[in-house]
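What follows is a short report on a single structure.
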Amino acid sequence: MENTASLGIQAFISEVAQRGGRAVRLTHSRRNPVQVWGVGDDSCVVRVRTKLDGDWQARKQDGALDTDDTGSQFWVFVDLATSPEEYFVVPSEEVAADIHSEVDLWVKEVPGRTRTGSHAIAVERVEHGRARWDLLGLSDVKDPSRKPVGAVAEPSRPKLVPITRTKKSAVVEEVVDLRLQVVADFEGYRLVGMYDEQTGRLEITRGPMEGRRFDNPTVAANAVASHISGDVETRDGWTFWQIEGADRAPLGSRRAG
Numbered sequence: 002m003e004n005t006a007s008l009g010i011q012a013f014i015s016e017v018a019q020r021g022g023r024a025v026r027l028t029h030s031r032r033n034p035v036q037v038w039g040v041g042d043d044s045c046v047v048r049v050r051t052k053l054d055g056d057w058q059a060r061k062q063d064g065a066l067d068t069d070d071t072g073s074q075f076w077v078f079v080d081l082a083t084s085p086e087e088y089f090v091v092p093s094e095e096v097a098a099d100i101h102s103e104v105d106l107w108v109k110e111v112p113g114r115t116r117t118g119s120h121a122i123a124v125e126r127v128e129h130g131r132a133r134w135d136l137l138g139l140s141d142v143k144d145p146s147r148k149p150v151g152a153v154a155e156p157s158r159p160k161l162v163p164i165t166r167t168k169k170s171a172v173v174e175e176v177v178d179l180r181l182q183v184v185a186d187f188e189g190y191r192l193v194g195m196y197d198e199q200t201g202r203l204e205i206t207r208g209p210m211e212g213r214r215f216d217n218p219t220v221a222a223n224a225v226a227s228h229i230s231g232d233v234e235t236r237d238g239w240t241f242w243q244i245e246g247a248d249r250a251p252l253g254s255r256r257a258g
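What follows is the structure, encoded as structure tokens:
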């Protein structure tokens with residue numbers, strides 16, 4: 002099962018091709034950056050955020066541009082719940098300023114809050130970027146006959162292609178994360194993780210304890226819940242974590258038997 006982020010990136014890459022450009026996923030960051038070449042062959046780096054329902058999820062730390070290790074010029078918000086999919090293109094500076102302003106208000110509400118954890122972005126905040134393909138140097142008119150480079154199987158095509166970026170060199174590789182994306186809501190925080198059904202390990206990819214890996218979902222749930230509450234918490238990881246998607250089924254529904 003492909004996770005929401007990968008589905009959104011694949012949809013975006015296909016959309017770029019249909020509008021006369023090309024795009025490849027970069028692998029130097031876990032923030033889902035994609036390099037885009039427009040009709041005129043100028044390029045830029047974008048961060049892609051995807052949702053199936055509700056709001057898009059970013060980080061409170063994204064309110065500071067110096068935390069962006071992708072070197073992005075734009076964010077692209079992909080809504081897979083609509084038919085056809087909708088895309089909102091917003092300059093990175095605007096996204097950072099908007100998040101910073103919202104987090105300022107959130108911090109002032111309760112003394113002691115810190116600028117960490119997930120941050121929801123509603124469609125109203127990016128509405129002005131709807132279908133702004135011109136910002137990426139792409140055509141307003143689609144040609145569905147155009148396909149992304151590599152969309153058709155090419156056995157001889159190398160997987161890695163070196164490219165030159167303005168900030169630092171990177172390696173381009175179209176990567177699909179086969180782990181299962183899971184989410185949990187706890188004391189006002191939205192947690193996102195990646196669960197490996199082969200090994201049973203779970204990595205927290207957004208929210209408190211981001212980047213930490215745990216041997217199983219229950220260990221992860223106990224650790225992050227205790228971290229947030231400041232007390233010892235005992236949670237059943239198979240119900241604490243839910244599968245990302247419209248149904249939000251508990252992770253335990255994937256267990257054999």
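Numbering-wise, the working numbering puts 94 at position 93 of the sequence shown, and it's gapless, one number per residue.
Idealized CB from N, CA, C, for every residue including glycine.
Bear in mind that the values here come from a model prediction, so they are computed numbers and not experimental data.
On a Cα-Cα basis, can you pick out the residue from D99, E94 and T51 that is closest to D69?
If you number the sequence shown from 1, residue 69 lands on position 68. For D69, the nearest C-alpha among the options comes from E94.
Please classify Q58: is it buried, with 16 or more other beta-carbons within 10 angstroms of its beta-carbon, or exposed?
For the purposes of this step, residue 58 is taken as the residue at position 57 of the sequence shown. By the neighbour-count rule (16 or more Cβ atoms within 10 Å), Q58 is buried.
Same chain only: Cβ atoms within 8 angstroms of V97, ignoring 5 sequence neighbours per side
Here residue 97 refers to the residue found at position 96 when the sequence shown is read from its first residue. In the sequence on display, residue 97 carries Ala and not Val. Within the same chain, Cβ atoms closer than 8 angstroms to the Cβ of A97 are found at D63, G64, A65, L66 and D69, the five residues on either side in sequence being excluded.
Candidates F215, G238 and N223, of which the one nearest D232 by Cα
In the sequence shown, residue 232 corresponds to position 231, counting from 1. The option with the nearest alpha carbon to D232 is N223.
Compute the Euclidean distance between the alpha carbons of R23 and D141, then round it to the nearest angstrom.
Taking the sequence shown and counting its residues from 1, the one referred to as residue 23 is at position 22. Taking the sequence shown and counting its residues from 1, the one referred to as residue 141 is at position 140. Taking the straight line from one Cα to the other gives about 15 angstroms.
My understanding is that R60 touches R207, with C-beta atoms under 8 angstroms, so please give their C-beta distance in whole angstroms.
Translated into the one-based positions of the sequence shown, residue 60 becomes position 59. Translated into the one-based positions of the sequence shown, residue 207 becomes position 206. R60 to R207, Cβ: 6 angstroms. Contact.
Simplified DSSP assignment, three categories, for D99
One-based indexing of the sequence shown puts residue 99 at position 98. In this structure, DSSP gives D99 a helical state, which the three-state scheme calls helix.
Alpha-carbon to alpha-carbon, A250 and T200:
Translated into the one-based positions of the sequence shown, residue 200 becomes position 199. Translated into the one-based positions of the sequence shown, residue 250 becomes position 249. Rounded to the nearest angstrom, the gap between the Cα atoms of T200 and A250 is 20 angstroms.
Option nearest E198 by Cα separation, candidates R213, P209, Q182 and F187:
In the sequence shown, the residue the question calls residue 198 occupies position 197. When only C-alpha atoms are compared, the closest one is Q182.
Inspect the beta-carbon positions of R126 and Q19 and report whether they are closer than 8 angstroms.
By 1-based counting over the sequence shown, the position of residue 126 is 125. By 1-based counting over the sequence shown, the position of residue 19 is 18. In this structure, Q19 does not lie closer than 8 angstroms to R126 by Cβ.
With DSSP collapsed to three states, give me the class of H120.
Indexing the sequence shown from 1 puts residue 120 at position 119. Under the three-state reduction of DSSP, H120 is assigned to strand.
Inter-residue spacing [alpha-carbon to alpha-carbon] between I14 and H120
As a first step, residue 14 is located in the sequence shown; it is residue number 13 there, counting from the start. As a first step, residue 120 is located in the sequence shown; it is residue number 119 there, counting from the start. The alpha-carbon atoms of I14 and H120 are separated by roughly 25 angstroms.
With three or more beta-carbon pairs closer than 8 angstroms as the criterion, would you say the stretch 106-121 touches the stretch 41-51?
Under the Cβ criterion (8 angstroms, minimum of three pairs), the stretch 106-121 does not count as touching the stretch 41-51.
In this structure, how does DSSP classify G238 when only helix, strand and coil are distinguished?
To locate residue 238, count along the sequence shown from 1; it is residue 237. Helix, per DSSP.
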